[in-house]
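So the structure is just underneath, and the comments pick up after that.
There are 4 protein chains.
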Amino acid sequence: MTKTVNHVTKSILNVGEMASGAKLTVPVYRFAGQSDAPSVYIQANMHGAEVQGNAVIYQLLEQLRNLHILGDITLVPYANPVGCNHKNGEYTLGRFDPITGVNWNRMYHHNPDLVVPFVQDNVDASEQEIKAKFKQVLLDDIDQQLDHNMYGLTTGQRIAYQLQKMAHQADLVLDLHTGPISSKHLYCPEYARASASYFNIEHTLLIPNEFDGALDEATFCPWWSLAQAYAAKGRPLVLNKESFTVELGSQEQIDLDVALDDANSVLTYLSYKGVIKGVSKGANNGANKGEENTSEQFVPAQITRYACYLKDYKAFYSPMGGMVDYLAEFGVPLPAGEPLARILRMDNYGDGDALHYISLDKEVIPILHFASASVNQGTELYKVFTEFFTL
Amino acid sequence: MTKTVNHVTKSILNVGEMASGAKLTVPVYRFAGQSDAPSVYIQANMHGAEVQGNAVIYQLLEQLRNLHILGDITLVPYANPVGCNHKNGEYTLGRFDPITGVNWNRMYHHNPDLVVPFVQDNVDASEQEIKAKFKQVLLDDIDQQLDHNMYGLTTGQRIAYQLQKMAHQADLVLDLHTGPISSKHLYCPEYARASASYFNIEHTLLIPNEFDGALDEATFCPWWSLAQAYAAKGRPLVLNKESFTVELGSQEQIDLDVALDDANSVLTYLSYKGVIKGVSKGANNGANKGEENTSEQFVPAQITRYACYLKDYKAFYSPMGGMVDYLAEFGVPLPAGEPLARILRMDNYGDGDALHYISLDKEVIPILHFASASVNQGTELYKVFTEFFTL
Amino acid sequence: MTKTVNHVTKSILNVGEMASGAKLTVPVYRFAGQSDAPSVYIQANMHGAEVQGNAVIYQLLEQLRNLHILGDITLVPYANPVGCNHKNGEYTLGRFDPITGVNWNRMYHHNPDLVVPFVQDNVDASEQEIKAKFKQVLLDDIDQQLDHNMYGLTTGQRIAYQLQKMAHQADLVLDLHTGPISSKHLYCPEYARASASYFNIEHTLLIPNEFDGALDEATFCPWWSLAQAYAAKGRPLVLNKESFTVELGSQEQIDLDVALDDANSVLTYLSYKGVIKGVSKGANNGANKGEENTSEQFVPAQITRYACYLKDYKAFYSPMGGMVDYLAEFGVPLPAGEPLARILRMDNYGDGDALHYISLDKEVIPILHFASASVNQGTELYKVFTEFFTL
Amino acid sequence: MTKTVNHVTKSILNVGEMASGAKLTVPVYRFAGQSDAPSVYIQANMHGAEVQGNAVIYQLLEQLRNLHILGDITLVPYANPVGCNHKNGEYTLGRFDPITGVNWNRMYHHNPDLVVPFVQDNVDASEQEIKAKFKQVLLDDIDQQLDHNMYGLTTGQRIAYQLQKMAHQADLVLDLHTGPISSKHLYCPEYARASASYFNIEHTLLIPNEFDGALDEATFCPWWSLAQAYAAKGRPLVLNKESFTVELGSQEQIDLDVALDDANSVLTYLSYKGVIKGVSKGANNGANKGEENTSEQFVPAQITRYACYLKDYKAFYSPMGGMVDYLAEFGVPLPAGEPLARILRMDNYGDGDALHYISLDKEVIPILHFASASVNQGTELYKVFTEFFTL
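Protein chains in written order, with my numbering: chain H, 17 to 407; chain E, 17 to 407; chain S, 17 to 407; chain R, 17 to 407.
Right, here's the structure in full:
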């Protein structure tokens, strides 16, 4: 393969303004694909403290310049210019609008009423037409919210909707996040389960067709519902629309070397989907063996991939206030009764128990824990896979 | 009437603990009623900055000592010991858990699945039995959440559920809040609309049977649903369960003189409901005229009471960032096109418009506005009644 | 007088950048004077929540367009683009860098070592030369900090020093602030006491030649020290350098009508100093009566002006935690023993004192109080003039 | 040696109250010494996020129960009940009062005017008398501030002064802190330099006799000044008063295993000072070799101990905004020109430099870096030893 240096175009998206009039802007990078391959939208840093995705986008840009690009690729670092710059003390206020408390990743738009009339009107349209026309319906619906709303939009909606417009243009959507202190894990729609094996990520959450405000849901739920509606009419559709939230590890950290690994993981998936040239080898099953264009470059890692359904992904809230020595190793099954953490309660020293070991009565895989040692009773201590299985 | 000095009992409710082990406690005051009159639960300050309700409870306690009390009355100031004490800069972080961003008044519990089996099992029970047994069902359901939950509860749920247990014991529930900078207004379930005229509050929001996490909804929705379920079986029930969120004006302020007025407003409602002796005169209709025990003490004020449905209570988000000179008077219809505010944009002086007048294209009643002059594009500038009418 | 429409030039000053790379910018407006009259520097909003000064600058700009301007005038709204846009909950985090806690108005630069060598080197220079050369010394010293510092500057220093450079260019400096909830008051160097009577502000703090980090001190202390050093050598100098911090009332509020009054107050002072044409009449003493150019336009208000020395300006810290009903009227002498506030302690109801009246044992003038009703033990409740007198 | 189980007494110190009336309390643990050996005061967690000291106190308590204790030992975990429990987002607002921004460890009391009159009055007193009487002077001075202050104290002063009273009772004071993300290091008064070698800490800052508000300074500066004043009168005194700030590593973390190491480090110092039985061997010089009671238990580690003077401990402020990949290893000399960090600026990708390497022009030892990857221009990026040497 003759490598070419691809041209990346940069534009600046205006997503809002602050009290001083300062513009809120987001940089947008685009590679034009050379074919009708699937198009891709990748964003990072919607939560202010979750910065590692920016480094992954940096490494993706560096690599994509020298790869054979087939589909359009749009990359958006610093997706949330409010959250990105908002400090409370030394840390970045990560997850929510500091004024309203609303989670920045629960502000996307979903209109469940679009599907039924669309199917009625386009019952016999070609698959190609359906994809093009329904995409336009989604885009028009967002434009309606953005531009024709007498009472306006919240700060977060204005940001989210403009990002969502770009995401709706793409077939494949990756929203790069991190946990607080966390192992890598992947939110994957149940129907796209096969794709999870092309990411070098050991833990996958399989999520249902339910909209809870996040970008992945906002972009795959309409298509899932559309496919179901056509299927109910006896017409199965293969839409090849996939959206993932990729949790890259811990927040408040940039590591460019790890970012290169994660960029390769993303490229392995994109290679598998035909967005870049070089079809990756199947992760576990060798399904693609023997194909012509097989590239050794983007081969998924041979790792055990654990999964659980979203309903079985449990937040464990601290049964007491105290200061936590987190003990459980991430990503490895923890037998029932083994300690997740021990909690120090110096106020009890001498006339109570100063040290408490905390465990669960069932086997779990610890995925992430709270960002601070200091917890109140009821602080989310750990999130764990329960009822997990291997992909 | 011979006035008696009533005894108030005080207890301390433990609702959680902080990282240092410091206990989160809430003081609870109780008057025992002398009959089977309706019982009452009143709390204040669930949102940290909304402190005026504590002053109203102070004035209620002072007055109730000398009134003829028929029903049990429970009063809970400082309902949220986290929010109450949480400062960010000079101000109290009012509305949400500082760790998670979740609104403290969206954490109550509602289980819509309780009604259908209950009605099946108690189709022929007496009204008295139904009320007693369903109350127990609600209490048991809360206890189940509090005590039998392997993964625990959030900090806010633990507080909210314990308050809710007390609220479920009562027939009438008043949750005392304030707006940011606000006129007084009342959230009233649609079915209890007649009661709105017994509060000295000029603006009433009529809210539907939909649970969105708040205490008023958590306590009236189950009963409304129960009544509907019995009605669907051809058995109309009069349950006399009412819950209100009373918005006392602006946050971050204590005014004991105004609190006395608001205490009298609450007592007027309680008198009307027979919780304290002395039946109030009807507000608009004189319905109770000629009754024996009529007391002149708690007569609702003769004021114009505006109302609108919750769906017509609109948040207006700032169309631009800037610094706001709020102009519109609260509580008075504002004609279409008249300015709500003017927004200063000094960055535009000389090469743009430094002053922008903001208006709506329809008549509204401004009810509250944002707490600060500095707003981002998308900050909730005003909340207004639209499609309003008089009660 | 034939009024002319003056030309204002606008420039954008780059004072820093955020994590996303977003530039921190400050708009700068300038009128060129038509003579060698004193020059003026006016800035507003160094503390994020203290926004009213922006409205005063707006009204100044509107008025100055039509006045006869003799001296150069520089006006800088939104002086602190970090603080201006930084929300914690609904309020603007006013007074300090959210990362470090350092008060934004304690970051200016003062080098006490400049005076002695300067006087030695310029002992016989003309007054004109001294003013020009020492100004350059101050500017060079700031440039040294900004540009030749291996370890860099804090975020706040970088902003402050760039503003200070502009301020050092001027003879008269006004830094527009507000209190939390506050009456208007003026910080005035002791030597400039006569000028205080040309502002329409009833309360003046007379401050000594001590640098504590603020802009007014940073700009007048060097000149005061210089004058003292020359005086010690038997050479009295009249430098006509004055700096004031003008406290415009309460924070978090914009009122364009009040701002017009305050703009007129500033113009009255500028008129008195000969920056704009029309010499104002003396405030209390009629000293300027009979002068030729007397204009009726900018006559100081006939009001009682109270003053006290900075050492007698006392912060009163709350003796207890609780919720405060602020009672004392601002700006009026409060006799010893009269209540400043009453503090509600609902947790004590029934078994302690629920209401506490707070007073001082000496006569004071309350100037400002805390922004919230909720205070901890030790929160600054009031600031008061003690040992006050009239100007 | 027959080991005894020592009795620890626990008391609760009331240091303030919050808006709700909630008491701010601090647990205090005390071992009574069996002789007139030096007494010790150890506190932890004055900065909210710096929690590891609590774990060290836990391990100290566990060990001290079984050691031979000669001097009184007071241990205070959770020294700051406001800071300890104050979250902004997921993190603990560490370093300053959330209302005022004042650093919690800059609020202690120092009165430089006590020394001169004391020396005049006690010029011929015995060393024993001087120590006892001057201690009482310090205690009385604190009491004066706490109890006889018409205008009250700030929240932080009230906490700090009460802790300081306990610290003044002791000869040796250890204030346990942490950096943000940090190596272990020790703040040591210049005169106590020999003691630094008895802590297992590789980096020592030698600090002068200047009060900047911290506990170590507040407790050693008066004694240092006293000794100097007597020395100036020709009377050298050996007061054996030492205070240290011990920086245990990174904030927001509890590690009980590491805490055991740090407890042993503290015990090694206490053994050396004769507070507990068993004289430690000299760290570098073997000075104590051959002494009778030599215990092998608490021998200082054989490590290279670097030191620098406080004036050479430099904060390096970020020359740009961006997202930081911290590169430099802590505690090891970094040659001039070698990168401390690389800063990602995705907004510059394509039309500027997206990656910037940051270095200094001189050799330094990096000691700590900022807690977050996201920095503004001017954020304190690193603190480094310059002009360092070995102890």
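Just so you know, even glycine gets a beta-carbon here, dropped at the ideal spot from N, CA and C.
Query                                                                                                                                                                        : Result
Which residue wins for smallest C-alpha separation from R/Ala-208, given the options R/Glu-258, R/Asp-52, R/Ala-248 and R/Gly-110?                                           : R/Glu-258
Assuming E/Leu-255 and E/Lys-147 form a contact by the criterion Cβ under 8 Å, report the distance between their Cβ atoms to the nearest whole angstrom.                     : 6 Å
With three or more C-beta pairs closer than 8 Å as the rule, is the segment 151-158 of chain S touching the segment 103-122 of chain S?                                      : no
In the DSSP assignment, find the unbroken beta strand (DSSP E) run with H/Phe-346 in it and report its ends.                                                                 : No beta strand (DSSP E) contains H/Phe-346, which DSSP labels as neither H nor E.
If you scan the segment 161-190 of chain S from start to end, which runs of the alpha helix (DSSP H) of 4 or more residues do you find wholly inside it?                     : 171-184
Are the Cβ atoms of R/Gly-32 and S/Phe-332 separated by less than 8 Å?                                                                                                       : no
If we define contact as Cβ-Cβ less than 8 Å, is R/Glu-33 a contact residue for chain S?                                                                                      : yes
Which term fits H/Asn-82, buried or exposed, when burial requires 16 or more other beta carbons within 10 angstroms of its beta carbon?                                      : exposed
If the cut-off is 7 Å on Cβ atoms, which residues from the segment 98-113 of chain S count as contacting chain H, listed in chain order?                                     : Cys-100, Asn-101, Lys-103, Asn-104, Gly-105 and Glu-106
Three Cβ pairs or more, each shorter than 8 Å: is that satisfied between the segment 65-75 of chain S and the segment 277-284 of chain S?                                    : yes
Helix, strand or coil: which one does DSSP assign to E/Asp-272?                                                                                                              : According to the sequence displayed, residue 272 of chain E carries Leu and not Asp. E/Leu-272: helix per DSSP, three-state reduction.
Is it true that the segment 320-327 of chain E meets the segment 212-232 of chain E, where meeting means three or more beta-carbon pairs spaced less than 8 Å apart?         : yes
If you reduce the DSSP assignment to three classes, tell me which class S/Arg-46 lands in.                                                                                   : strand
Determine, using beta carbons only, whether R/Arg-358 comes closer than 8 Å to chain H.                                                                                      : yes
Since H/Asn-70 meets chain R, which of its residues come closer than 8 Å, beta carbon to beta carbon?                                                                        : Met-339, Leu-360 and Met-362
With H/Asn-121 and H/His-63 assumed to form a contact (beta carbons below 8 Å), what rounded beta-carbon distance in angstroms separates them?                               : 6 Å
Any contact of the segment 136-150 of chain E with the segment 132-151 of chain S, i.e. 3+ C-beta pairs under 8 Å?                                                           : no
If we call anything under 8 Å between Cβ atoms a contact, is H/Val-56 one with H/Leu-188?                                                                                    : yes
With S/Asp-113 as the anchor, note down where its alpha helix (DSSP H) starts and where it stops.                                                                            : Neither: S/Asp-113 is in no alpha helix (DSSP H) and is coded neither H nor E.
Please report the distance separating the alpha-carbon of E/Leu-50 from that of S/Leu-360.                                                                                   : Sequence inspection shows Gln at residue 50 of chain E; the Leu mentioned does not correspond to that position. Approximately 30 Å, taken between the alpha carbons.
Interface residues of chain R around S/Ala-331 at Cβ under 7 Å?                                                                                                              : Tyr-167
Counting only beta-carbon atoms, is S/Ala-344 nearer than 8 Å to chain H?                                                                                                    : no
Going along chain R, which residues have a C-beta under 7 Å from S/Val-282?                                                                                                  : By Cβ distance, chain R contributes nothing, its closest Cβ being about 29 Å from S/Val-282, past 7 Å.
Can you name the residues that DSSP bridges to S/Tyr-329?                                                                                                                    : S/Phe-401
Mind checking if S/Glu-171 is an interface residue toward chain R, Cβ cutoff 8 Å exclusive?                                                                                  : Looking at the sequence provided, one finds Thr at residue 171 of chain S rather than Glu. Yes, its Cβ sits closer than 8 Å to a Cβ of chain R.
Can you list, in chain order, the residues of its chain with a C-beta nearer than 6 Å to that of H/Leu-343? Leave out the 5 residues immediately preceding and following it. : Pro-355 and Ala-357
Rank H/Gln-244, H/Gly-265, H/Trp-240 and H/Asp-191 by C-alpha distance to the C-alpha of H/Ser-199 and give the top, closest one.                                            : H/Gly-265
Report buried or exposed for E/Met-166, applying the criterion of at least 16 other Cβ atoms within 10 angstroms of its Cβ.                                                  : exposed
Going by DSSP in three states, H/Thr-235 sits in which element: helix, strand or coil?                                                                                       : helix
Using the Cβ count rule (16 or more neighbours within 10 Å means buried), how would you classify R/Ala-95?                                                                   : buried
Where DSSP assigns a beta bridge to R/Gly-195, which residues make up the other side?                                                                                        : R/Ser-266
Any C-beta of chain E sitting closer than 8 Å to the C-beta of R/Ala-387?                                                                                                    : no
Under three-state DSSP, which class holds S/Gly-32?                                                                                                                          : strand
Tell me, please, whether the CB atom of E/Leu-203 is closer than 8 Å to any CB atom in chain R?                                                                              : First, the amino acid is wrong: residue 203 of chain E is Tyr here, not Leu. Answer no: the Cβ-Cβ gap between E/Tyr-203 and chain R never drops below 8 Å.
Report yes or no: is there a C-beta of chain H within less than 8 Å of the C-beta of R/Lys-26?                                                                               : yes
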